[in-house]
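Under the UniProt record's numbering, think of the first position of the sequence shown as 1, with each following residue one higher.
All remarks here apply to the structure that follows.
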Amino acid sequence: MNCWEILGIEPTNNRDRIREAYDRQMKFASGEDAQALDRAFREATGEVPPTSEPVAEHSEEVPRSEPVDDSLDANDAQIAREVVIQIRALLNDDRRQQDVGIWKAILCEPPADQLPVRREIARSLEPQLRPMAENGSFPQPVAKFLGDWFDWFSVSEANRQPVPDQPDPRNYPEPGVGKNEDNDEAPEQPPQMMNFWPAVIGWIVGLAILASIFGGMSGG
């Protein structure tokens, strides 16, 4: 990768733009990435001579500008091209491309989040990015974000979190049903006890009658 691909911008002599690109990329860089950014910044600003290929070969590596939507003005078209360069540089970093936060930081940063710019970015990256999002090259959060951000319906659906099955309420008793049935049965117990009283009374009366009969016979 040349210094412009590392910085994520097209070749320019504007030192302020180089500094902005450097600061933006440095937010997510550490270790070797930070060292590479430092070298790229110094090379882009002319502080050190290029350390890669000769100038003739070096210039061939600069990405060619792609056709731009006619509805975009020159500034929006330039923003779209720079974001595309940053994304392609990100795709060369296997570790950083797994972090959905880095994708959001690049794609959601104004003015790249404006709808016309977003559509142009999607048009430029779709042939390369969409198949990767569909075939599992990215983690699920990254693929789902790309599908939602670029309105790629098939990608969003393929990476949507499954909704857990809801329990069927018909398989469970309604609250309080068992208690009500127990309460309804409770008053029925006293009448069952009262059914013994006629038998007891009849037994006592029978004994009294027998006693009087035998008493009369004894007296006679």
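Quick reminder that beta carbons are idealized off the backbone N, C-alpha and C, glycines included.
Here's the rule: buried if 16 or more other CB atoms are within 10 angstroms of the residue's CB, otherwise exposed. What is V84? Indexing the sequence shown from 1 puts residue 84 at position 84. So V84 counts as buried.
Is it true that the CB of S156 sits closer than 8 Å to the CB of E134? The residue labelled residue 134 in the question sits at position 134 within the sequence shown. The residue labelled residue 156 in the question sits at position 156 within the sequence shown. Their beta carbons are not under 8 Å apart, which means E134 does not touch S156 by this criterion.
Nearest residue (CA-CA) to N75, options D148, K27, Q114 and I201: Here residue 75 corresponds to residue number 75 of the sequence shown, with the count starting at 1. Nearest option by C-alpha distance: Q114.
Rounding to the nearest angstrom, what Cα-Cα distance links P139 and D93 in this structure? Within the sequence shown, residue 139 is the residue found at index 139, counting from 1. Within the sequence shown, residue 93 is the residue found at index 93, counting from 1. Roughly 14 Å separates the two Cα atoms.
Apart from the five residues just before and just after A36, which ones in its own chain have a Cβ nearer than 7 Å to its Cβ? As a first step, residue 36 is located in the sequence shown; it is residue number 36 there, counting from the start. So the list reads I6, once near-sequence residues are dropped.
Secondary structure at R81, three-state DSSP: helix, strand or coil? Residue mapping note: residue 81 aligns to position 81 of the sequence shown, counting from 1. Reduced to three states, the DSSP call for R81 is helix.
If A112 sits next to I79, beta carbons under 8 Å apart, how far is it from one beta carbon to the other, in whole angstroms? In the sequence shown, the residue the question calls residue 112 occupies position 112. In the sequence shown, the residue the question calls residue 79 occupies position 79. Their Cβ separation, rounded to whole angstroms, is 6 Å, which keeps A112 and I79 in contact under 8 Å.
Buried or exposed, going by whether 16 or more other CB atoms sit within 10 Å of the CB of R118? Mapped onto the sequence shown, residue 118 falls at position 118. With 16 or more other Cβ atoms within 10 Å, it is buried.
To which residues of the same chain is I9 closer than 6 Å at the C-beta, ignoring the five residues directly before and after it? Against the sequence shown, residue 9 aligns to sequence position 9. A21 and E82, listed in sequence order.
Beta-carbon gap between P141 and V100 smaller than 8 Å: In the sequence shown, residue 141 corresponds to position 141, counting from 1. In the sequence shown, residue 100 corresponds to position 100, counting from 1. Yes. Within cutoff.
Look at the alpha carbon of L146 and the alpha carbon of M132, and state the distance between them as a whole number of angstroms. Taking the first residue of the sequence shown as position 1, residue 146 is located at position 146. Taking the first residue of the sequence shown as position 1, residue 132 is located at position 132. So the two alpha carbons sit approximately 10 Å from each other.
Under a three-way DSSP split, which group does H58 fall into? Here the question's residue 58 lines up with position 58 in the sequence shown. The predicted position of H58 is uncertain, since its pLDDT is 40 and thus under 50; a value taken from the coordinates is nonetheless stated next. Helix at H58.
Could you pull out every residue in the same chain whose Cβ sits closer than 8 Å to the Cβ of G206, ignoring the five residues on either side in sequence? Walking along the sequence shown from the start, residue 206 turns up at place 206. For G206, where only same-chain residues beyond five positions count, there are no Cβ hits under 8 Å.
Taking only three categories from DSSP, how would you classify F138? Taking the sequence shown and counting its residues from 1, the one referred to as residue 138 is at position 138. Reduced to three states, the DSSP call for F138 is coil.
E120 beta carbon less than 8 Å from that of L72: Along the sequence shown, read from residue 1 onward, the residue named residue 72 stands at position 72. Along the sequence shown, read from residue 1 onward, the residue named residue 120 stands at position 120. In this structure, E120 lies closer than 8 Å to L72 by Cβ.
Between which two residues does the alpha helix (DSSP H) harbouring M26 extend? As a working mapping, residue 26 is identified with position 26 in the sequence shown. Note, M26: alpha helix (DSSP H), R15 to M26.
Exposed unless 16 or more other CB atoms sit within 10 angstroms - verdict on I87: For the purposes of this step, residue 87 is taken as residue 87 along the sequence shown, with counting starting at 1. I87 is buried by the Cβ-count criterion.
Taking a contact to mean a Cβ-Cβ separation below 8 Å, would you say residue 231 touches T45 in this structure? Not covered by the structure: residue 231. The range shown for the chain is 1 to 220.
Distance, Cα to Cα, L107 vs N13? Here residue 107 corresponds to residue number 107 of the sequence shown, with the count starting at 1. Here residue 13 corresponds to residue number 13 of the sequence shown, with the count starting at 1. Near 24 Å, if we compare the C-alpha coordinates of N13 and L107.
Just verifying my parser: in three-state terms, what is the DSSP assignment at T45? The sequence position of residue 45 within the sequence shown is 45, counting from 1. Note: T45 maps to helix in three-state DSSP.
Would you verify that the beta carbon of R118 is, or is not, closer than 8 Å to some beta carbon of chain B? Of the protein chains in the structure, only one exists, and it is not chain B.
Going by beta-carbon coordinates alone, are I102 and F28 separated by less than 8 Å? Residue numbering aside, residue 102 sits at position 102 when the sequence shown is read from its first letter. Residue numbering aside, residue 28 sits at position 28 when the sequence shown is read from its first letter. Result yes, Cβ atoms of I102 and F28 sit closer than 8 Å.
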